[in-house]
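Beneath this line is the structure, given in structure tokens, with notes to follow.
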């Protein structure tokens, strides 16, 4: 009786959605699996692409896991974890983004039945941690160090890594062409820093992929030019280059200033003064002996013609990143004033030219003294096409960069995963308790990579996996993986399917972390959406109406 | 899979939302996606098919604003159609980028045919990427073969017959075929006058194509100089100036003004008078400066008021005002003059020279144009197109552009292959020969590639009113028997199939590009197995 009278306690706001316990955990796992299913088919050399149209009608065609996940616009809280690890993998090593999400989802899938049976998530998490640690150690043990002493061999290794990264992309039939380009590009960088931002990528629609080229130095598109530009010389040998951050235009020196002219005579004086300011600037620039003048800010028609008269080439409104790469390549510094420019502030290069590439004219600086930068000029039939080439090359560049930095490699094509899987399975039999199951599940989840590669290529995955298991069980066959060309298995190390070990290590640790994170969540509290988009729109409309009314006759 | 993007339910059957607004997204996966792409691409390709070849027909396109375009140019047709489908858009982009690059091309047809063939292969259950790989291999063979069958044609400044013939081929299918020779000659002369034969570079910015309504196509001509759509500022100024010395000015004919904001308070009558006399003085000074440096024509980027105009007239200095920036530049290049930013800097060296500057008027209209000819530097040229209506002029301009591009391609690389489907048939035969040597599934894809190439001569024959299959079979067998890769479809019904005798040339780079681009596009389309589309955002 008394209990009936007890007032109801409202703890959460009305409409709050709470779900908890095992059900919630399973639901999260399902969400992750659903997401991984979306990108599953992009893995491996026979992986397919996705065409994604966003709400603004922009089309992206991609094979890159991170890009696809980003564009899917996932709102499911657990699902977002997968997106995040894919992104962090992209940022950290640049390649393996599909693998990382796929593996994390597979871990969850393997463990799902244990959760249903009531194994505590904490036990699983502990098991996963242990397994991942063991797996990483195993990868490190397996990894083959790169021989750096022989530059030719070293280069070859890098090319192999690049071609493995490119094999699943649109450009795979041209990978021999692009791998050279990628390795050349990375090797031309400062070997200490390896800053990939110093590799400029320019996209010009038209032409075929094979028409892409690597410019050792800097290339950028012709900037907006004024009348008189065509009369400037378009090629130089050993020019001096001046980079400015100065506007070279006849204009008001101060925006808000006003001159009060007292007498008619003064009128001319003011005009002359203004002209003098700009001419002073131009004279100073010419006096430095620079033959090429670049500026981040506009170079007006007056200056363009002035330079044309003196056989100087100029380009205004050069993009910031282009200008900084020019500086890196040719030396010198960006000047924010034209006063006191000393010879050491100028850069130089062996050859400069304005050249027509496809439908665009490009400014190309070649033979730069401290060439720590290069430019990839990509060609292709359609815009989306070039964009995908760019993404693919980015992956390859990152892999090569990683290979130089981490100095060890492993075999790809599922070989490493199979070997680690075998090792873990054997290890799991030596321990007792639930951990045995968990580590075995981890081992099984690792097999998803070779299985998916085979599946995507249209092979019988079970068949291939059994062959692989058998090979890996015998000694000395640790590098056997899926062979796409013969629809069978082969020693992928001998076939030069190589990847930096770091990529694998990062996949293992990131996926385990993500899986653990999802497993450790047992309750989701979702606040009611404070403002639904519709409601917001309505509110705005209502607000506008009220404002309109407010503007009318004042009430009361 | 349902139409929804990702649809999953948890253990209790509650659906969960993974993707934002997933109800509004549509998704197409697997074979369905590919089939839909192929259908779209095929539809687009079929539209341009009938415009192929010298007997190809034109299309009328009406824009949303009611503007009418009549054209035969594949890229223009696709561009104006404003297709919606994503894959079709890719095709449009492809043909557009090829148009930008080489100015001509039937890429769409090849790509469409390739996809059509791929559909049959997909039905047989061949993995799309194997098909793509096969195409790629076939394309490599085709490109190598093209280089083998290519011929080098010789030309120099004095011997332009071969260039002329190439231009004629390019113009063959266009509306201007009425004055075929004339247009071809104009295109060749225009390119050669701006080409840098040593660097093999042709700067298109120096060729201007201008059009004016009225007259007929025959009245079109090439002007070694510049035409500007302006007239003399004063109607009584001379209409013709011989041995003109031109002052090219980018400052207005008025008292100079400071750029900084300024204010002049006039407090008394004297001040006002002073101002007036100052302005008068300035005008006179300016005119004097121009005259002193020896100029007998002033071309001004900006305007000048009637007072100045009158003064100029009185001082016998013809002038032209409101000439746009690019024209100013062209004039400067053509006349070897320098652009002068203010009057103080005028000097005799900076003047441009032209043999004759005259104002031409057309028919009974009051339209006048200024022609600057016999310039000091002949590198800037203008092609002036006349025509009965705007549509014809526009189409003539496009055709000329194609022809100019074709000639330019030869300047860049003087290897050619034979048109009229000859190159395609020859490549198809070569690919078929190689296909039999391949043991894997790619063999099928390569054969399909060969049949896809045959769609070009087929379409050509069909458009020319020949029986397509019969013609193709005949030419094919003759190519094999006579071992002559120059045999093609005889579109003009001359009774001779040898394209060398008919002078039907195509630049090698253009053909090569066509194959490469089409293959790449097809490959890209075949690789897509999943399409996720966001719904429209509700306003």
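Protein chains in written order, with my numbering: chain A, 1 to 556; chain B, 1001 to 1539.
Even for Gly, the Cβ is constructed at its ideal location relative to N, Cα and C.
Beta strand (DSSP E) segment containing residue i, residue limits
i, result
"residue 562 of chain A", "Summary: the structure shown does not reach residue 562 of chain A, with chain A confined to residues 1 through 556, and so no result is reported for it."
"residue 1578 of chain B", "Since the first residue shown for chain B is 1001 and the last is 1539, residue 1578 of chain B is missing from the structure and cannot be characterised."
"residue 1065 of chain B", "Where residue 1065 of chain B is concerned, there is no enclosing beta strand (DSSP E), given that its DSSP letter is neither H nor E."
"residue 490 of chain A", "488-491"
Range covered by the alpha helix (DSSP H) that runs through residue i
i, result
"residue 304 of chain A", "301-309"
"residue 135 of chain A", "121-142"
"residue 1031 of chain B", "1030-1049"
Residue nearest to residue i in terms of C-alpha spacing, selected from the options
i, options, result
"residue 1297 of chain B", "B:1482, B:1267 and B:1316", "B:1316"
"residue 1519 of chain B", "B:1132, B:1046, B:1465 and B:1179", "B:1132"
"residue 295 of chain A", "A:256, A:241, A:108 and A:266", "A:241"
"residue 501 of chain A", "A:157, A:387, A:71 and A:54", "A:157"
"residue 444 of chain A", "A:425, A:79 and A:432", "A:425"
"residue 1574 of chain B", "B:1525, B:1062, B:1239 and B:1138", "Lying outside 1001 to 1539, the shown extent of chain B, residue 1574 of chain B is not represented and no answer is given."
"residue 94 of chain A", "A:396, A:448 and A:143", "A:396"
"residue 1152 of chain B", "B:1479, B:1412 and B:1085", "B:1412"
"residue 1202 of chain B", "B:1299, B:1404, B:1458 and B:1433", "B:1404"
"residue 1146 of chain B", "B:1050, B:1353 and B:1505", "B:1505"
"residue 490 of chain A", "A:508, A:499, A:510 and A:467", "A:467"
"residue 256 of chain A", "B:1255, B:1489, B:1061 and B:1260", "B:1260"
"residue 372 of chain A", "A:159, A:120 and A:215", "A:215"
"residue 145 of chain A", "A:421, A:410 and A:347", "A:410"
"residue 456 of chain A", "A:487, A:442, A:439 and A:221", "A:487"
Residue i versus residue j - alpha carbon distance
i, j, result
"residue 377 of chain A", "residue 1082 of chain B", "29 Å"
"residue 1509 of chain B", "residue 1421 of chain B", "16 Å"
"residue 232 of chain A", "residue 1231 of chain B", "29 Å"
"residue 532 of chain A", "residue 329 of chain A", "Bear in mind that a pLDDT of 48 at residue 532 of chain A, under 50, signals an unreliable position, so the model cannot answer this."
"residue 132 of chain A", "residue 429 of chain A", "16 Å"
"residue 1280 of chain B", "residue 313 of chain A", "39 Å"
"residue 1447 of chain B", "residue 481 of chain A", "32 Å"
"residue 1526 of chain B", "residue 1123 of chain B", "13 Å"
"residue 492 of chain A", "residue 463 of chain A", "18 Å"
"residue 560 of chain A", "residue 137 of chain A", "Not covered by the structure: residue 560 of chain A. The range shown for chain A is 1 to 556."
"residue 1478 of chain B", "residue 1487 of chain B", "8 Å"
"residue 63 of chain A", "residue 50 of chain A", "6 Å"
"residue 165 of chain A", "residue 384 of chain A", "20 Å"
"residue 1483 of chain B", "residue 292 of chain A", "56 Å"
"residue 1400 of chain B", "residue 1163 of chain B", "14 Å"
"residue 477 of chain A", "residue 471 of chain A", "6 Å"
"residue 1134 of chain B", "residue 1498 of chain B", "31 Å"
"residue 1094 of chain B", "residue 128 of chain A", "49 Å"
"residue 117 of chain A", "residue 319 of chain A", "60 Å"
"residue 38 of chain A", "residue 525 of chain A", "27 Å"
"residue 1467 of chain B", "residue 1054 of chain B", "16 Å"
Using a Cβ-Cβ cut-off of less than 8 Å, list which residues of the region 1242-1271 of chain B approach chain A; keep chain order.
Under the 8 Å Cβ criterion, the region 1242-1271 of chain B contributes 1250, 1255, 1256, 1257, 1258, 1259, 1260, 1261, 1262, 1263, 1264, 1265 and 1271.
Taking a Cβ distance cut-off of 7 Å, strictly less, list which residues of the region 62-92 of chain A are near chain B, in chain order.
72, 73, 74, 75, 76 and 79
Please give me, in chain order, every unbroken run of the beta strand (DSSP E) with length at least 3 that falls completely inside the region 1169-1222 of chain B.
Those beta strand (DSSP E) runs which fall completely within the region 1169-1222 of chain B and span 3+ residues are 1207-1213.
Tell me the start and end of each unbroken beta strand (DSSP E) in the region 173-228 of chain A that is at least 3 residues and wholly inside, in chain order.
Runs of beta strand (DSSP E) with 3 or more residues, each lying fully within the region 173-228 of chain A, are found at 199-205, 213-215 and 217-221, listed in chain order.
Residues in the region 34-55 of chain A having any Cβ partner in chain B nearer than 7 Å
34, 35, 38, 41, 46, 48, 49, 50, 51, 52, 53, 54 and 55
Members of the region 1486-1506 of chain B near chain A, C-beta cut-off 8 Å
none
Selection of the region 476-502 of chain A by Cβ proximity to chain B, strictly under 7 Å
none
In chain order, which alpha helix (DSSP H) runs of at least 4 residues are fully inside the region 312-398 of chain A?
320-330
If the cut-off is 8 Å on Cβ atoms, which residues from the region 448-460 of chain A count as contacting chain B, listed in chain order?
457 and 458
Minimum length 4: unbroken alpha helix (DSSP H) runs contained in the region 35-92 of chain A:
65-72 and 77-92
Segments assigned alpha helix (DSSP H), at least 4 residues, entirely inside the region 1281-1333 of chain B
1306-1314
Contiguous alpha helix (DSSP H) assignments of at least 4 residues, all confined to the region 398-427 of chain A
none
Which residues of the region 202-226 of chain A have a Cβ closer than 8 Å to any Cβ of chain B? Give them in chain order.
205, 206, 207, 208, 209, 210 and 226
By the 8 Å beta-carbon criterion, what residues does the region 304-316 of chain A contribute toward chain B?
305, 306, 308 and 309
Name the residues in the region 1339-1372 of chain B whose C-beta lies less than 9 Å from a C-beta of chain A; which are they?
1339, 1340, 1341, 1342, 1344 and 1350
Taking beta-carbon pairs under 7 Å, can you tell me which members of the region 1198-1230 of chain B lie near chain A?
Correct list: 1201 and 1205.
Interfacial residues, the region 1414-1435 of chain B to chain A, with Cβ spacing under 8 Å
none
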